[in-house]
Amino acid sequence: MSSFSYKTRGNSSPQGKSKVYFACHPEDLHLFEAISDDILREVNCAVFYHNSPIENEKEHLRDLSEMNVIVIPITTKFLTTPSAARDIEIPFSQQKHIPVLPLMQEPGLVDVFNKVLGDIQFLDKSARDDTAISYEEKFKNFLTSILVGDELAEEIRNAFDAYIFLSYRKKDRAYAQELMRLIHENDFCRDVAIWYDEFLIPGENFNNTIADALQKSKLFALAVTPNLLEDPNYVMTTEYPMAKNAGKEILAAELVPTDKEALANAYPDLPRTVNTADPESLCDGLRDAFQWVMLRDHDDDPKHNYFIGLAYLSGIDVEKNPERALSMLTFAAASGLPEACEKLVSMYKTGEGVKRDYETAIRWQEKLVGIREDLFQKNKNEDTAGDCLSARSNLADCYEAVSDYTKAKASVLELLVWIDTIEDTVSDTFLDRNRASLYGKLGYYSQHTGDIEGANRYYDAMKHHSERLQKSSEMESERIRDFSLAWLEEARNGEEFSLPDEIWNDLAALFLSSADDYRIYARRELAQCYTALGLTALEESDTETAAHYFTEALLITEEIADRFTDAHSQKADLIREIAILHCYLGDIDKLKARYDEAYGRFEKANALFLTLASGQELPYDIATVWHRMAGIHEKKGEYDAALDLKLRSLSLAQDCAEKTGTVQAYETLAASHGTLAFLCRDLGKTEQARFHAMASQEIIETCLSNRHELPPAVKSFYDAIRRLVDSLT
352 MSSFSYKTRG NSSPQGKSKV YFACHPEDLH LFEAISDDIL REVNCAVFYH
402 NSPIENEKEH LRDLSEMNVI VIPITTKFLT TPSAARDIEI PFSQQKHIPV
452 LPLMQEPGLV DVFNKVLGDI QFLDKSARDD TAISYEEKFK NFLTSILVGD
502 ELAEEIRNAF DAYIFLSYRK KDRAYAQELM RLIHENDFCR DVAIWYDEFL
552 IPGENFNNTI ADALQKSKLF ALAVTPNLLE DPNYVMTTEY PMAKNAGKEI
602 LAAELVPTDK EALANAYPDL PRTVNTADPE SLCDGLRDAF QWVMLRDHDD
652 DPKHNYFIGL AYLSGIDVEK NPERALSMLT FAAASGLPEA CEKLVSMYKT
702 GEGVKRDYET AIRWQEKLVG IREDLFQKNK NEDTAGDCLS ARSNLADCYE
752 AVSDYTKAKA SVLELLVWID TIEDTVSDTF LDRNRASLYG KLGYYSQHTG
802 DIEGANRYYD AMKHHSERLQ KSSEMESERI RDFSLAWLEE ARNGEEFSLP
852 DEIWNDLAAL FLSSADDYRI YARRELAQCY TALGLTALEE SDTETAAHYF
902 TEALLITEEI ADRFTDAHSQ KADLIREIAI LHCYLGDIDK LKARYDEAYG
952 RFEKANALFL TLASGQELPY DIATVWHRMA GIHEKKGEYD AALDLKLRSL
1002 SLAQDCAEKT GTVQAYETLA ASHGTLAFLC RDLGKTEQAR FHAMASQEII
1052 ETCLSNRHEL PPAVKSFYDA IRRLVDSLT
């Protein structure tokens, strides 16, 4: 990986870790720190990036082919300006079926994103759908569905029949990878892992690591090229002598014709070299080394196939081989191993090692549901019930992903009926948590298909179970608190414990925090439920009900936010949710002509958005609040104040449009000019009204005309602006 730089947890070695590559436009490299921190918070992996021009494209792409995930910050620069990331790395990763995770950094880029990258699914942190799965949860789910965690990686390594230690000069890395492929072309070596020093890290001493790897290896394979004769080199001075001293069997594989006499002098007692150009010779050498391995018969073991398949999929101590991985994982899944089914679903949904195919993902998810139901019938308990419920719920998500809301809804309704049949098997908390989640899904499906009455009904049911869950979580939280404090007191008084007071205080704080965390999940889910109910009530013009739910959501969200420090990953999202709820409540106050109360709400939202002030969300959030505040000034006849706020909003919108060039930025700019035009007309400022109206019309016609269809609100606004221009000219 000499062409890449990397970041890991605690600056540890990237050796053996899952690999994430950060692909971006060069001017977006400043985003690496924040995004890599988010990735490393979720998974112990290595995040790579490239911060200089590509000198050797072939070598660069060879390194890139070993990555498990490509993460891309999506910006206007990335989409509209040529770069190695956009024009070389992303097409290559799609060709090699390496999963791509685009992270939207600016609003309004969806249309151009689809033109450049097609139908790849992206994540948008600024998206505001209070009824959908959160960005953080989607982000975590994507990474953990692909990247292998530490515990699973250890299980995979334990599943190999044997290890080969592959020794090579760093400049021969391409030959070393070719030797790995040649070794695994022999079926009897399929389950043999190959340890090799895959990273060159200046200044790091690998002697201990190499000694450990040699100890567990059955064979020392030496990649022979003329480069081995250059003196001095690490293979000659360290690795080969260590192998000889450890009594390891040595296989010298000649990949490039090399002077045999010079080789024998440089590497004393080196066995006769095997010519890799002669596959039979290489096969015989490997067969002699692994006679005992061929006696192990577990080719038909689903679990073994699952682990080795994951190894080839992720490149864990073997070269990446998606075709072999797919074959082995498919065998394991067809044999009824639920973990293998889950992995195939993930692969076909994300495009990991295969072409993305939601229909195939659905078929494997349907099979997984059947497997989980059979396991539940054989052993009825809360764990197997949870697995069964999760499989059925994820099937509904699969249907939703292909916009089949009819099947998604039917699947959830069937699941609710099934839950009623297991009431005697699981706890009330289990029932309430899952019923609340499922009713939330039904409300989401109904709301997004225009069935507001149905959405209200399902959200009411969600509220009922969320409130029950909150009460039970509070009781459980208190139980955990009491137990923890009692245990601490007993331990502190025990003779075997002698810790300083500050340690006991830290432990108490940790236990109590853990107890509180138990109820935070339930509280936040309830707040999101109230927000969803408030939005549906607003759509039906029921402002009293909407205000009630928004207020309840606000109280809960403020309470949760107070528990977190500013550095906590959820703090910014909670602040934004609080600001948005103030905006919703201010809108209701305005509808009821309570202008002072509305203005106060908007001022609070404005102050909260300013505390964020850390990204692209700020201009749009602030502009939205300023428009709301200007509207209050107009209602109160304070036209100078309204004009001042709208001019400031226009300046902000102009700056955003120039910097980002996004569709949403120009929509905001057109709206700013347009609303100013109407205000200037009402104030008798005809020339200014004409200027802003014509500017708004020009922006819509030149910057938004390439959209397939203008949203109804934009179209209505455009018609009004066109009529205004006609009346002023």
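So the mapping is simple: our numbering equals the position in the sequence shown, first residue as 1, plus 351.
Glycine included, every Cβ here is placed at the ideal spot set by N, Cα and C.
Nothing here was measured: the structure is a model prediction, and the numbers come from that model.
- Bridge partners of Leu573 according to DSSP: Ser518 and Ala603.
- Contact between the segment 604-622 and the segment 574-591 is present: three or more C-beta pairs spanning the two stretches fall below 8 Å.
- Out of Ala752, Gly721 and Thr757, the CA that lies nearest to the CA of Ser741 is found in Gly721.
- By the criterion of a C-beta distance shorter than 7 Å, Arg532 is surrounded in its chain by Glu670, once the five residues flanking it on both sides are discounted.
- When Cβ pairs closer than 8 Å are counted between the two stretches, the segment 503-523 is seen to touch the segment 561-569, the count reaching three or more.
- Ranked by how close their Cα comes to the Cα of Trp977, the residues Leu994, Leu746, Leu963 and Glu1052 have Leu994 in first place.
- In the three-state DSSP reduction, Ile667 falls in the coil class, being neither helix nor strand.
- At the C-beta level, Glu440 and Ala374 come within 8 Å of one another.
- Taking the CA atoms as reference points, Ser665 sits about 22 Å from Lys521.
- DSSP, read as helix, strand or coil, puts Tyr372 in strand.
- Glu890 and Cys880 have their alpha carbons spaced roughly 16 Å apart.
- Spanning the alpha carbons of Ala923 and Cys1007 requires a straight line of approximately 22 Å.
- Assigned with DSSP and collapsed to three states, Ser356 falls in strand.
- Separation of Ile929 and Lys941 (C-alpha to C-alpha, rounded to the nearest whole angstrom) is 18 Å.
- Taking Val586 as the centre and dropping the five residues before and after it, the same chain places the C-beta of Ser518, Tyr519, Arg520, Leu573 and Leu579 closer than 8 Å to its C-beta, in chain order.
- Residue state for Met455 is assigned as strand, using DSSP reduced to three classes.
- Of the residues assessed, Arg784 falls on the buried side of the cut-off, its CB having 16 or more other CB atoms within 10 angstroms.
- Assignment of Pro592 by DSSP, reduced to helix, strand and coil, places it in the helix class.
- Counting only residues of its own chain and dropping the five nearest sequence neighbours on each side, Phe383 has a CB closer than 7 Å to the CB of Phe373 and Tyr400.
- Beyond the five residues adjoining it in sequence on each side, Thr908 comes within less than 8 Å, by CB distance, of Arg875, Ala878, Leu925, Glu928, Ile929 and Leu932 in the same chain, given in chain order.
- Of the residues Val467, Pro450 and Ala883, the one whose Cα lies closest to the Cα of Phe493 is Pro450.
- Looking only at Val696, Cys739, Asp734 and Ala761, the smallest Cα-Cα distance to Ala747 is reached by Ala761.
- By the CB criterion at 8 Å, Leu1075 and Phe1042 fall outside the cutoff.
- Contact annotation: the segment 625-633 touches the segment 595-607, with at least three C-beta pairs closer than 8 Å.
- A direct Cα-to-Cα measurement between Glu804 and Thr887 gives close to 9 Å.
- Rounded to the nearest whole angstrom, the CA to CA distance from Asp811 to Leu884 is 8 Å.
- Under the DSSP definition of a beta bridge, Ile545 partners with Ile515.
- Its Cα nearest to that of Asn362, the residue Ser387 stands out among Asp379, Glu910, Ser387 and Gln798.
- Assignment of Tyr400 by DSSP, reduced to helix, strand and coil, places it in the strand class.
- Selection Glu818, Gly1025, Ala981 and Arg638 evaluated against Ala949 yields Ala981 as nearest (Cα-Cα).
- Using a Cβ-Cβ distance cut-off of 8 Å, the segment 423-438 and the segment 451-463 are in contact, since at least three pairs of beta carbons, one from each stretch, lie closer than that value.
- DSSP places Pro630 within a helical segment (H, G or I) once states are collapsed to three.
- Put simply, the backbone Cα of Asp512 is about 12 Å away from that of Asp668.
- Membership of Pro424 in the beta strand (DSSP E) is indicated by the continuous run Val420 to Ile425.
- The Cβ atoms of Gly660 and Ala676 lie closer than 8 Å to each other.
- Only residues of its own chain outside the window of five on either side were considered, and among them Gln1039, Ala1040 and His1043 have a CB closer than 7 Å to the CB of Cys1031, listed in chain order.
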